[in-house]
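Q:
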Amino acid sequence: MDLSPILNPLNDAQREAVTAPLGPVLVLAGAGSGKTRVLTHRIAWVIQAEGASPHGILAVTFTNKAAGEMRARVEQLLGIPGSALWIGTFHGIAHRLLRMHWREAGLVQGFQILDSEDQQRLIKKILRAAELDETRWVPRDVKWFINSNKDEGRRPQHLKDGNDPTRRQLIRLYAAYEETCARSGVVDFAELLLRAFELWRDNPGLLAHYRQRFRHVLVDEFQDTNAIQYAWMRLLAPTLAADAAPGAGSHPFVVGDDDQSIYRFRGARVANLQQFVRDYPQAKLFRLEQNYRSTGTILEAANGLIGHNAGRLGKKLWTQGARGEPIHLYTAFNERDEAEFVTHRIRERVAQGGLRREIAILYRSNAQSRVFEEAFLSARVPYRVYGGLRFFERAEIKDALAYLRLIANRNDDASFERVVNLPTRGLGAKSLDVLRAQAKGAGTSLWDAAGVLIGGGDALGGRAATALHGFMGLIERLAGDGATVALHEQVDQVLKGSGLIEHYKRDKAERGEARVENLDELVSAARGFTPEASDLAPLAAFLAHAALESGEGQADEWEDCVQMMTLHTAKGLEFPVVFMCGLEEGLFPHQRSSADLDGLEEERRLCYVGMTRAMRSLYLTHAEQRRLHGVDSYGQASRFVREIPQELIEEVRPRVQVSRPAVVGRFRPAEPAVAGVRLGARVRHGKFGDGVILNVEGNGAQARVQVSFERQGTKWLMVQYANLKPL
DNA sequence: CACCATCGCCTTTTT
DNA sequence: GGCGATGGTG
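Number 983 in my numbering belongs to position 455 of the first sequence; there are no gaps in the numbering.
(1) So isoleucine 1003 and isoleucine 925 are in contact, right, with Cβ under 8 Å, and what is the actual spacing, rounded?
(2) Can you give me the start and stop residues for the beta strand (DSSP E) that valine 553 sits inside?
(3) Identify, in the order they occur along the chain, each residue of the same chain with its Cβ nearer than 8 Å to the Cβ of alanine 736, setting aside the five sequence neighbours on each side.
(4) Can you tell me the Cα-Cα spacing of threonine 819 and glycine 560, whole angstroms?
(5) Taking 9 Å as the cut-off, decide whether the C-beta atoms of isoleucine 982 and leucine 996 are in contact.
(6) Which whole-angstrom value is the C-beta distance of threonine 1097 and glycine 915, which I expect to be below 8 Å?
(7) Alpha carbon to alpha carbon, what distance is there between glycine 1158 and valine 588?
(8) So, with DSSP's three-state summary, where would you put arginine 875?
(9) How about alanine 1069 and glutamate 1060: are their beta carbons less than 9 Å apart?
(10) What's the gap between the Cα of serine 822 and the Cα of alanine 1053?
(11) Just to check my reading of the structure: alanine 829 and isoleucine 790 have Cβ atoms closer than 8 Å, yes? What is that Cβ distance to the nearest angstrom?
(12) So, for glutamine 1021: in the same chain, excluding its five sequence neighbours on each side, which residues have a beta-carbon less than 8 Å away from its beta-carbon?
(13) Check whether the Cβ atoms of leucine 567 and methionine 529 sit closer than 9 Å, and answer yes or no.
(14) How many angstroms separate the CA atom of lysine 678 from the CA atom of isoleucine 699?
(15) Just reading off the beta strand (DSSP E) that threonine 589 is part of, what are its end residues?
(16) So who's on the other strand from methionine 1108, going by DSSP bridges?
(17) Could you tell me which whole beta strand (DSSP E) segments of length 3 or greater appear in the segment 619-706?
(18) For a test of the three-state rule: what should DSSP assign to glutamate 812, helix, strand or coil?
(19) If we call anything under 9 Å between Cβ atoms a contact, is tyrosine 705 one with leucine 650?
(20) To which residues of the same chain is lysine 812 closer than 6 Å at the C-beta, ignoring the five residues directly before and after it?
(21) Select from Phe618, Val1051, Leu1128 and Asn862 the residue whose C-alpha is nearest the C-alpha of leucine 1015.
(22) Opposite valine 1137 in the DSSP bridges: which residues?
(23) Would you identify the three-state DSSP class for aspartate 1009, choosing helix, strand or coil?
(24) How would you write the range of the alpha helix (DSSP H) that alanine 728 sits in, first residue to last?
(25) What residue range does the beta strand (DSSP E) around aspartate 1160 cover?
(26) Just grab the DSSP bridge partners of isoleucine 826 for me.
(27) For alanine 1190, which residues in the same chain have their Cβ closer than 8 Å to its Cβ, ignoring the five residues on either side in sequence?
(28) According to the Cβ coordinates, are phenylalanine 1107 and arginine 873 closer than 9 Å?
(29) Anyone know if the C-beta pair for glutamate 866 and isoleucine 756 falls short of 9 Å?
(30) Taking C-alpha atoms, which residue in Val782, Ala796 and Gly954 lies nearest to arginine 815?
(31) Exposed or buried, serine 581, counting other C-beta atoms within 10 Å across all chains shown (16 or more means buried)?
(32) Given this structure, state the Cα-to-Cα distance separating leucine 1076 from tryptophan 846, to the nearest angstrom.
(33) Would the segment 758-767 count as touching the segment 717-731 if we require 3 or more Cβ pairs under 8 Å?
(34) To the nearest angstrom, how far is it from the Cα of valine 947 to the Cα of leucine 963?
(35) Measure the alpha-carbon distance for arginine 1196 versus phenylalanine 861 and round it to whole angstroms.
(36) Can you give me the C-alpha to C-alpha distance between serine 943 and threonine 1094, rounded to a whole angstrom?
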């Protein structure tokens, strides 16, 4: 067999990793070092050189996009349909397993998937039912508590309250939430993973089957795995005894980069990289450090920055390519000046024949995009913003899906509540209270409770009972009609029959129009939907698809646009020209991340990820004054700028030449209210001691300053009363 | 019960 | 500044 198509495109380090003998393998792959290539070629290698069956390959990624790319590249390399292999996201594969083995997993057959927003709504409902104060028990925090415990594999019964009443309450809420989910037949994202893990753990026969089948387990972005994902992989690929027969067992092949771990906040454990080596003592370790993307200067700058992190596995990117241009640094007067600078540079590049799609604007938080959008609009620079609400997450789409979900599963309480009075049909909060009480008392779903209330008794007013009856009749009718027609016709019938279309048409102005268009689009999505081969009804398959693939809008993808996105979104991508904007203390590193060292190091990795997206040109910008959330603040340049070797940086506009623009319109720099109280000044406070002024807000008697005290932390003070003494 | 005004909040994100 | 949630009014 000719293996040259697999091996020829690889460098030495890549080839060694791809052709490693069967057994556990860890590849530390730096940014731009050909990580995806190594994964896909490894798959091709074990099939063609080791004689593995495509059937025996399980390849796991984090995003649908990454999974799609991997599948396409394997198909291209091997010339076999990618459907022969199990390639997918952790969640997608967990879902697939649970659908096949729903009984063993303790689920109902038609279980539905709850997305993050659904989950939060459900939690809110539980809080309300428990009559808890939502300011004390913040739904988002409760959600975080539940999810982070699930991510670590902990069920409510595993948790100890440690005599802490707050914790005790959270555990109770977690348990109540689980009960509600079970009764409604819904499963959230974290639950998919945990259930899949428990499925294997508690069914040895099943596990043995999958161990036998999947001899090769490949994991991408391994630094992003959480505890349960790791434990799941460990089940499938247990450590073999030293004297195990060669080729026995399942072989984990994982690829990751500790320097690109940026998802700690959602449960990712970089430590899994080290854990892997401990758990598989015989693991072969490979390092990919040759970079094929960026200039020498960019790599040197990125290496210099990331060197400030402690406890790295250690890795130094290098390139055979040119040194390239220096890193450009621009100090803007304010955020509008920053956007204008970027706009100018873009226009220059485009005038010289550059493509807009080769340029990316990267920022820390989504709110920063607005200023750039305004600047681009007035300069007529086409752009595209990535992120934000996706198709299946839009309110009107979720309304329609709720109808469909109710048709698929009457016990889905969350969906029931969402649409029982949408469009309004005279079922207000009062009636719903009665309904909820009935459901709670009888331990049934809202749907069943509604049936009881209509059937007899006078708990509900006549009008409400009629409305409820009408609603239930509507759902039954839609379910009956839909059973015989194609999926997209069923969706269409639901939209019209439910009155949703009418409802949104009444919504005046463009908003309503856009929503109706989106609903039409949903019909098209249903028309174009081809379910994977499974025993699932088309409607159920479509609903699962909607939850697992929230649907990246692909409009205008091919137009030549400047690309705008957060640093997180940019991971895995590359652009010839990158502008990293808003490099200011408090914004990047973000205030809320810089409190502890771990958070700060993650911010630094995020900066590293951003810098290593750039192929040829890298611009760093920051503003001395920034208006965010409606208030002006003054920031110092990010420490990350200082952490880059300074000889690699060229200031676009030397600071001495900074000419502040004349006071234009509403952009009037705030005057310090008290002499000596200005940005960066050291001051002394009677009670709090010495500190540095980080921020100034407001004027005159209203003026407030944010001071970072050496002892007392950061505080906001009224200048009028604080009696600060300049030092 | 529906609509509108006011208040308050505000990282990052995939599934 | 912009969105969502809440509360008062029609």
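Every residue gets a Cβ at the ideal spot worked out from N, C-alpha and C, and that includes glycine.
A: Reading off the structure:
(1) The pair is not a contact, with the Cβ atoms about 19 Å apart (cut-off 8 Å).
(2) Per DSSP, the continuous beta strand (DSSP E) segment holding valine 553 begins and ends at 553-557.
(3) Nothing listed; no residue qualifies.
(4) The residue asked about is misnamed: residue 819 is asparagine in this sequence, not threonine. So the two alpha carbons sit approximately 5 Å from each other.
(5) Cβ atoms of isoleucine 982 and leucine 996: closer than 9 Å.
(6) The C-beta distance from threonine 1097 to glycine 915 rounds to 5 Å, short enough to meet the 8 Å contact threshold.
(7) Computed Cα separation, rounded: 43 Å.
(8) DSSP places arginine 875 within a helical segment (H, G or I) once states are collapsed to three.
(9) Cβ distance < 9 Å, so alanine 1069 and glutamate 1060 count as in contact.
(10) Cα to Cα, serine 822 sits roughly 39 Å from alanine 1053.
(11) So it is not a contact: roughly 18 Å between Cβ atoms.
(12) Contacts found: Leu1006, Asp1009, Gly1010 and Val1013.
(13) No, these two residues do not count as a Cβ contact at 9 Å.
(14) Between lysine 678 and isoleucine 699, the C-alpha separation is close to 12 Å.
(15) Unbroken beta strand (DSSP E) run through threonine 589: 585-589.
(16) Its beta-bridge partners are Leu890 and Leu1148.
(17) Those beta strand (DSSP E) runs which fall completely within the segment 619-706 and span 3+ residues are 640-642.
(18) Contrary to the premise, residue 812 reads as lysine rather than glutamate in this sequence. The three-state secondary structure of lysine 812, taken from DSSP, is strand.
(19) Yes, these two residues count as a Cβ contact at 9 Å.
(20) These residues qualify, in order along the chain: Ala548 and Val553.
(21) Relative to leucine 1015, the option among Phe618, Val1051, Leu1128 and Asn862 whose CA is nearest is Val1051.
(22) Valine 1137 pairs with nothing; no bridge assigned.
(23) DSSP places aspartate 1009 in helix when its eight states are reduced to three.
(24) The sequence shown places tryptophan at residue 728, rather than the alanine named in the question. Tryptophan 728: member of the alpha helix (DSSP H) spanning 717-730, first to last residue.
(25) Per DSSP, aspartate 1160 belongs to the beta strand (DSSP E) from 1159-1162.
(26) DSSP, once it has assigned bridges, lists no residue as partnering isoleucine 826.
(27) No answer about alanine 1190 holds up, because its pLDDT of 36 lies below 50 and its placement is not dependable.
(28) Yes, the pair counts as a contact, with Cβ atoms nearer than the cut-off.
(29) Going by C-beta atoms, glutamate 866 is not nearer than 9 Å to isoleucine 756.
(30) Among Val782, Ala796 and Gly954, the Cα nearest to that of arginine 815 belongs to Val782.
(31) Residue burial is scored here from C-beta neighbours: serine 581 has fewer than 16 other C-beta atoms within 10 angstroms and is therefore classed as exposed.
(32) Distance between the alpha carbons of leucine 1076 and tryptophan 846: 38 Å.
(33) Cβ pair count under 8 Å is three or more, so yes.
(34) So the alpha carbons of these two residues sit roughly 14 Å apart.
(35) Since pLDDT at arginine 1196 reaches only 32, below the 50 mark, its modelled position is unreliable, and the value read off the structure follows with that caveat. Taking the straight line from one Cα to the other gives about 12 Å.
(36) Their backbone Cα atoms lie some 32 Å apart in a straight line.
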